Structure formats: structure tokens, C-alpha cells
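Enquirer: Provided herewith is a single structure, encoded as C-alpha cells, for subsequent inquiry.
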Amino acid sequence: MVREGGRPVAVLPLALMDGLDPLGQLAARYPVTGAERGLLSHVWHCYDAWLPGAARLEAVVGAMRALALELEAGWYGFVNVAHDSPLRAGLVGLGFPAEHIEDRFRLDLRGLPHPFVHATRKAHANLRRGRRRAAESGVWQRVGPPGEADLMEIGRLCARTAARHGTGGFYPPDLFAGFVTGLGDLALAIEIRQEERLIAAGIVLRDGRRFHAWACGVDYDVAGGFSPYALLHAATAEQALREGCEVLEGGRGNPRFKLRHGLSRLALDACLAKV
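Using numbering that gives the first Met the number 0, the first residue of the sequence shown is number 0, and each one after it goes up by one.
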């Protein structure tokens with residue numbers, strides 16, 4: 000926390016990582032094995048690292064380095080910084096090497112009559128066909144407050160989906176359910192079911208302007224020849240537009256699908272330095 004005259008002007012949550020490279024994205028870009036201890040910005044799962052009050056960046060970086068020394072961390076810095084952001088420019092100016100690690104995807108909804116205006120013709124056709132087949136196969140969806148959903152069931156599905164990429168531990172069902180419940184109206188649960196079986200689910204975070212597709216789980220073992228993930232994306236994008244949001248934040252990964260459906264790519268960088 001940075002204060003001026005007792006008034007807070009900048010704040011940065013930090014994570015002390017025993018193993019600073021949980022997704023294996025740094026070892027090819029920095030001289031690390033990945034097992035080192037690191038003091039990093041926010042959490043790896045957040046794709047939107049930034050610093051309110053960036054004008055105080057030098058003071059924040061100095062405090063980070065001092066804390067990293069105290070905690071015996073070998074590295075410190077920021078991960079998942081937008082490539083075109085003032086934060087990245089400021090960190091580079093302070094001597095941090097910036098390396099691209101991942102992309103996030105977003106859709107500007109302002110002025111759109113529907114969220115698939117920029118989708119390819121093939122994506123439109125696939126969605127129409129998938130929705131028809133899903134309806135014929137007993138699929139239905141529910142969008143509502145998290146308190147009306149089975150968050151333990153959703154958490155287990157998210158964990159199974161993430162486990163395919165080695166990150167199933169990001170969603171311990173008990174902690175997941177408690178965290179989402181505590182968000183209240185800031186969260187929304189989207190469920191896709193075939194009869195009563197959950198085949199896709201997403202937890203969305205809302206800040207009034209942006210609609211964040213934060214966590215999702217998908218079971219592709221369905222009857223009927225359709226993609227549960229495509230149905231979930233469509234339900235999410237349509238709800239974002241329905242709520243008058245300016246931007247749909249589509250998260251990371253699955254670039255082919257997201258680009259076909261009109262989302263744009265935003266590069267994310269790591270800005271790390273040795274203590």
C-alpha cells in the first residue's frame with residue numbers, strides 16, 4: 000500500500016510462489032527452472048494484472064524488491080501484463096525485461112446488435128446447427144445467481160476440465176463454492192444441462208462495464224453431435240450484451256475458437272527481475 004499524507008494512492012496484492020512457474024510459461028523465457036520462489040503480482044489465474052495508481056510504480060517496485068529479499072524470493076515482478084499497457088511501459092523503463100507468455104481474448108460489445116457480428120460464416124453455421132441439435136437432444140440452459148446453482152458440482156466440472164491442462168488444482172470445489180458465494184451479485188452462474196446432467200458451466204464476474212468469463216467446465220461426452228463449449232460461449236456472450244456491458248472478457252486459451260467467433264487477441268507479458 001502506498002500512501003500520501005495518510006491517503007492510499009496505490010495498492011498491489013502479491014503472491015509468494017514456491018515454484019514461480021506453475022503453468023510452465025517462464026522457463027523458456029527467463030533463466031529459471033520454474034521451481035524457484037518468486038514474489039509475483041496478484042495470482043497466476045488473473046489475466047489482467049495492473050496497478051491502480053501507476054504513477055507510483057517506482058515506489059511499489061522498490062517495496063516489492065525489499066519484501067522479496069525479506070522473504071528469500073529469488074525473483075519478483077508482474078505476470079499477465081497487457082502488452083500495450085502503461086504498466087508494461089513503466090516496468091520496462093525501470094529495467095524489467097518483458098517477455099510474451101500468453102494471449103487473452105476480448106470482444107467489444109458497444110454498438111453490436113448481437114455478439115456474433117464479427118464471427119466467421121462457418122462459426123454462424125456451426126452455432127445454428129449446434130443449437131438445433133442440442134434442443135433435439137434435451138439440452139437446456141439456466142442463467143442466474145450463484146446461490147441458485149450447485150456450485151460444488153460446477154467446481155468439480157471446472158476442476159476436471161482444467162486437469163486436462165495440468166491445472167486442476169486451481170478449482171478446489173469447497174474453496175471455489177465459498178469464494179463464488181461470497182461474491183454475491185458480482186458473479187453469475189451459467190449452466191448447460193442435457194436432461195439433468197451438467198455438460199457445461201461458467202462462472203462470470205461482473206464489474207458494471209466488463210463481463211468476465213472467469214471459470215468454465217465442459218463435459219464433451221454428450222449425445223447429439225453438438226459442442227457444449229460453443230453453447231456456453233454463446234450463452235455468455237448473449238448475457239453480456241443483454242446486461243449492457245461494453246466488453247466481454249473471454250479469458251485465455253482456445254485461440255482458434257475465439258478468433259473465429261469475433262474476439263480479438265491481446266498479448267500478455269511477464270516483467271520479472273532477479274532479486
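All residues carry an ideal CB built from backbone N, CA and C; glycine is no exception.
If you're wondering where the values come from, they're calculated on a predicted model, not measured in any experiment.
#1: Out of Ala158, His232, Phe95, Gly249, which has the shortest C-alpha to C-alpha gap to Asp102?
#2: Answer yes or no: do Pro51 and Ala14 have a C-beta to C-beta separation smaller than 8 Å?
#3: At a cut of 8 Å, does the segment 180 to 194 reach the segment 115 to 123 through at least three beta carbon pairs?
#4: I'd like the span of the beta strand (DSSP E) that includes Tyr75, first residue to last.
#5: Which residues mark the beginning and the end of the alpha helix (DSSP H) in which Leu188 is found?
#6: What are the boundary residues of the alpha helix (DSSP H) that Ala222 is part of?
#7: Any idea if Glu195 is buried or exposed, counting beta-carbon neighbours within 10 angstroms, 16 or more meaning buried?
#8: If you draw a straight line from the C-alpha of Leu22 to the C-alpha of Thr166, how long is it?
#9: Could you say if the segment 226 to 237 and the segment 55 to 66 meet the contact criterion of at least three C-beta pairs nearer than 8 Å?
#10: In whole angstroms, give me the CA-to-CA distance for Ala289 and Arg55.
#11: Where does Gln24 fall in DSSP's three states?
#12: Taking the alpha carbon of Cys157 as the reference point, which residue from Arg259, Ala269, Leu174 has its own alpha carbon closest?
#13: Just the C-alpha distance for Leu258 and Arg28, rounded to the nearest angstrom, thanks.
#14: Whole angstroms are fine: how far does the CA of Leu150 sit from the CA of Ala176?
#15: Using three-state DSSP, classify Glu69 as helix, strand or coil.
#16: Since Asp173 is in the beta strand (DSSP E), which residue starts that stretch and which ends it?
#17: What residues are listed by DSSP as bridge partners for Ile198?
#18: DSSP state of Ala158, grouped into three classes?
#19: Identify whether Leu265 lies in helix, strand or coil by the three-state DSSP scheme.
#20: Touch check for the segment 77 to 87 and the segment 260 to 273: three-plus C-beta pairs under 8 Å?
Expert: On the basis of the data shown:
#1: Gly249
#2: With a cutoff of 8 Å on beta-carbon distance, Pro51 and Ala14 are scored as not near each other.
#3: With a cut-off of 8 Å, the segment 115 to 123 and the segment 180 to 194 do not count as touching, because too few Cβ pairs lie within range.
#4: 74 to 81
#5: Checking the displayed sequence, the identity of residue 188 turns out to be Ala instead of Leu. From DSSP, Ala188 is part of no alpha helix (DSSP H) but of the beta strand (DSSP E) over 186 to 193.
#6: Neither: Ala222 is in no alpha helix (DSSP H) and is coded neither H nor E.
#7: exposed
#8: 8 Å
#9: no
#10: This structure leaves residue 289 out entirely; the chain is present only between 0 and 274.
#11: coil
#12: Leu174
#13: 26 Å
#14: CA-to-CA, the gap between Ala176 and Leu150 works out to about 5 Å.
#15: Three-state DSSP puts Glu69 in a helix.
#16: Run containing Asp173: none in the beta strand (DSSP E); it sits in the alpha helix (DSSP H), 172 to 182.
#17: BP columns for Ile198 are empty, so no partner.
#18: helix
#19: strand
#20: yes
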